Ligand code: 9YT
């Protein structure tokens with residue numbers, strides 16, 4: 005069994021920082037679970053364009069408020085604790101955190117991230133084997 009605490013991840017190589025978010029990778033590909041699991045902070049007042057062309061991602065908000073806009077249809081959904089979105093169609097989207105609050109999200113990726121991925125200029129994570 006694998007047991008980890010968030011404090012085991014913070015300030016290690018699995019604590020990944022980007023301008024608009026900070027992702028603490030609790031489970032990665034090497035753990036052999038078939039998915040990766042991240043505790044991610046989306047910084048207050050930020051907007052991020054994201055397109056996971058090679059991955060499916062489910063996101064569950066546990067703190068903070070914001071919104072997600074799907075590019076294909078322009079729909080905007082409020083994000084608050086207890087809200088889940090699943091990018092089952094590799095949906096291009098804008099993720100926005102309210103100016104007042106960071107959002108804290110539990111994120112699951114299939115296929116799992118290896119830990120080396122960073123968003124490219126198109127908001128895409130490469131598929132690393
Ligand atoms: C919610 C979201 O997609 N945030 C961007 C970071 C990503 N979830 C990650 O690598 O944890």
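Residue numbers (this note's numbering): 5 to 133. Just so you know, even glycine gets a beta-carbon here, dropped at the ideal spot from N, CA and C. Only a predicted model underlies this, so the values are computations on that prediction, with no experimental measurement involved.
When the Cα atoms are used, what is the spatial distance from residue i to residue j?
{"i": "residue 52", "j": "residue 119", "result": "20 Å"}
{"i": "residue 82", "j": "residue 68", "result": "11 Å"}
{"i": "residue 28", "j": "residue 77", "result": "31 Å"}
{"i": "residue 9", "j": "residue 103", "result": "29 Å"}
{"i": "residue 33", "j": "residue 107", "result": "25 Å"}
{"i": "residue 65", "j": "residue 15", "result": "22 Å"}
{"i": "residue 45", "j": "residue 116", "result": "19 Å"}
Considering only the alpha carbon of each residue, which of the options lies closest to residue i?
{"i": "residue 18", "options": "41, 37, 6 and 98", "result": "41"}
{"i": "residue 105", "options": "47, 9, 29 and 13", "result": "47"}
Which residue or residues does DSSP assign as beta-bridge partners of residue i?
{"i": "residue 109", "result": "44 and 65"}
Is it the case that the Cβ atoms of residue i and residue j are separated by a distance below 8 Å?
{"i": "residue 98", "j": "residue 73", "result": "yes"}
{"i": "residue 88", "j": "residue 112", "result": "no"}
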